[in-house]
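Worksheet for the structure shown next.
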Amino acid sequence: MVYAVFALSSFARSIYQILVHFEEAPLAYLLSGFAAAVYIVATLSLARAGRTAWFVSLVAVGIELLGVIAIGLWTVLDPQLFADDTVWSRFGAGYGYIPLVLPVIGMAWLLVHRPVDARESVPGDGPDRAPVQPQP
Numbered sequence: 031m032v033y034a035v036f037a038l039s040s041f042a043r044s045i046y047q048i049l050v051h052f053e054e055a056p057l058a059y060l061l062s063g064f065a066a067a068v069y070i071v072a073t074l075s076l077a078r079a080g081r082t083a084w085f086v087s088l089v090a091v092g093i094e095l096l097g098v099i100a101i102g103l104w105t106v107l108d109p110q111l112f113a114d115d116t117v118w119s120r121f122g123a124g125y126g127y128i129p130l131v132l133p134v135i136g137m138a139w140l141l142v143h144r145p146v147d148a149r150e151s152v153p154g155d156g157p158d159r160a161p162v163q164p165q166p
């Protein structure tokens, strides 16, 4: 649910910024649009089941984590490049650092909830399994 809220809010904010104020801070607003796209992909893939959705979620959350760290560091070290904040500026300080914490929690959840590969053995389902007796 948190991803859906971030997807919706960051998308709406970035569309407004790009359409109305783009010339004031093009880098910041394009990065906000990119962050919104990442949140949308993460939201949609986390809502689905299956190995492909899990992998897409892992990639999206990984990009989110790298983005918030890279942009956060960039905005701290060279703030003059950013005429306005992005979702990931100063590690998400404008959003209560949720953009920094969210991908860490998301990554932990994804790693705990890895889909089982059909090729992996399932306990009790291998050659040592007791044969099934036919029913009369």
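One gets the numbering used here by counting positions in the sequence shown from 1 and adding 30 to each.
Ideal Cβ placement from N, Cα and C applies to all residues, glycine included.
Q: Using three-state DSSP, classify Y125 as helix, strand or coil.
A: Residue numbering aside, residue 125 sits at position 95 when the sequence shown is read from its first letter. Helix at Y125.
**Q.** Opening and closing residue of the alpha helix (DSSP H) in which S119 lies
**A.** Counted from its first residue, the sequence shown places residue 119 at position 89. Here S119 belongs to no alpha helix (DSSP H), and DSSP marks it neither H nor E.
Q: Sort L95, S40, L103 by Cα distance to R120 and report the nearest one.
A: For the purposes of this step, residue 120 is taken as residue 90 along the sequence shown, with counting starting at 1. Of L95, S40, L103, the residue nearest in Cα terms is L103.
Q. Can you give the beta carbon distance from L61 to W118, rounded, assuming they're within the 8 Å contact cut?
A. Taking the sequence shown and counting its residues from 1, one reaches residue 61 at position 31. Taking the sequence shown and counting its residues from 1, one reaches residue 118 at position 88. The pair is a contact, with the Cβ atoms about 7 Å apart (cut-off 8 Å).
**Q.** Whole-angstrom distance between P145 and S40, CA atom to CA atom
**A.** To locate residue 40, count along the sequence shown from 1; it is residue 10. To locate residue 145, count along the sequence shown from 1; it is residue 115. For S40 and P145, the gap between their C-alpha atoms comes out near 29 Å.
Q: Ignoring anything shorter than 4 residues or poking outside the region 62–123, list the alpha helix (DSSP H) runs there in chain order.
A: Runs of the alpha helix (DSSP H) inside the region 62–123: 81–107.
Q. V68: which of A90, A77, Y125 sits nearest, CA to CA?
A. Locating residue 68 in the sequence shown gives position 38, where the first residue counts as 1. It is A90 whose Cα lies nearest to the Cα of V68.
Q) Within 10 angstroms of its Cβ, does G136 collect 16 or more other Cβ (buried), or is it exposed? A) In the sequence shown, counting from the first residue as 1, residue 136 sits at position 106. Under this definition G136 is a buried residue.
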